[in-house]
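Enquirer: If you count by UniProt numbering, then the sequence shown holds residues 1 to 98, one letter each, in order.
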Amino acid sequence: MSVSIKPLEDRIVIKSLEAEQTTASGLVIPDTAKEKPQEGEVLAVGPGRWNEDGDERIPLDVAVGDRVIYSKYGGTEIKHGGEEYLILSARDVLAIVG
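(1) At what residues does the beta strand (DSSP E) containing alanine 95 begin and finish?
(2) Which same chain residues, not among the five before or five after glycine 65, have their C-beta less than 8 angstroms away from its C-beta?
(3) Mind reading off the beta-carbon distance from aspartate 10 to alanine 63? Whole number of angstroms is fine, and I expect it under 8 angstroms.
(4) On the CB-based measure, 16 or more other CB atoms within 10 Å of its CB, does leucine 27 come out buried or exposed?
(5) Buried or exposed for tyrosine 73, going by 16 or more other Cβ atoms inside 10 Å?
(6) Since isoleucine 5 is in the beta strand (DSSP E), which residue starts that stretch and which ends it?
(7) Can you tell me the Cβ-Cβ gap for proline 7 and glycine 46, rounded? I've got them flagged as a contact below 8 angstroms.
(8) For glutamate 39, which option in Ile14, Pro59 and Asp61 has the closest C-alpha, if you only look at C-alpha atoms?
(9) Out of Tyr70, Leu86 and Lys79, state which residue places its alpha-carbon closest to the alpha-carbon of leucine 94.
(10) Quick one: residues in its chain with C-beta nearer than 7 angstroms to the C-beta of glycine 75, no 5 flanking neighbours on either side, listed in chain order?
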């Protein structure tokens with residue numbers, strides 16, 4: 001999946017993965033009771049921040065296509081082209097799911 005949003009510096013664009021719709025016992029969870037998702041797929045990455053001297057970029061630890069777990073309330077939610085995305089700093093990514 002490609003997105004026409006190009007993040008700057010150390011920011012990344014994520015498509016959140018939806019939380020489970022039902023419990024293990026089969027009960028349907030209403031939208032109001034769902035937890036905010038914390039897992040998503042990286043769709044775009046910025047070029048990285050400049051180092052302190054300003055002469056070299058520091059590469060990011062994540063790449064397009066990675067499935068990541070991120071801070072629960074990190075980032076900014078946006079709508080673009082009818083889809084919802086999350087733009088957050090690479091520092092808000094807690095782990096890459098293997």
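C-beta atoms are modelled at their ideal positions from N, C-alpha and C, and glycine is treated no differently.
Keep in mind the model is a prediction, meaning the values are calculated, not measured.
Expert: The structure says:
(1) Stepping through the sequence shown from its first residue, residue 95 is reached at position 95. Where alanine 95 is concerned, the enclosing beta strand (DSSP E) stretches over 93-97.
(2) Translated into positions along the sequence shown, residue 65 becomes position 65. Excluding residues within five positions, the ones whose Cβ falls inside 8 angstroms are Glu41 and Val42.
(3) Locating residue 10 in the sequence shown gives position 10, counting from the first residue. Locating residue 63 in the sequence shown gives position 63, counting from the first residue. Not a contact, Cβ separation roughly 13 angstroms.
(4) Position 27 of the sequence shown, counted from the first residue, corresponds to residue 27. Leucine 27 should be labelled exposed.
(5) Reading the sequence shown from its first residue, position 73 is the one you call residue 73. It is exposed - the Cβ of tyrosine 73 has fewer than 16 other Cβ atoms within 10 Å.
(6) As a first step, residue 5 must be located in the sequence shown, where it is residue number 5. Note, isoleucine 5: premise wrong, no beta strand (DSSP E); not H, not E.
(7) The residue given as residue 7 occupies position 7 in the sequence shown. The residue given as residue 46 occupies position 46 in the sequence shown. About 4 angstroms separates the two Cβ atoms, so the contact holds.
(8) Within the sequence shown, the letter at position 39 stands for residue 39. Measuring from the Cα of glutamate 39, the nearest candidate turns out to be Ile14.
(9) By one-based count along the sequence shown, residue 94 stands at place 94. It is Tyr70 whose Cα lies nearest to the Cα of leucine 94.
(10) What you label residue 75 is simply residue 75 of the sequence shown in a count that begins at 1. Once the five neighbours on either side are set aside, the close Cβ partners of glycine 75 are Leu86, Ile87, Leu88 and Asp92.
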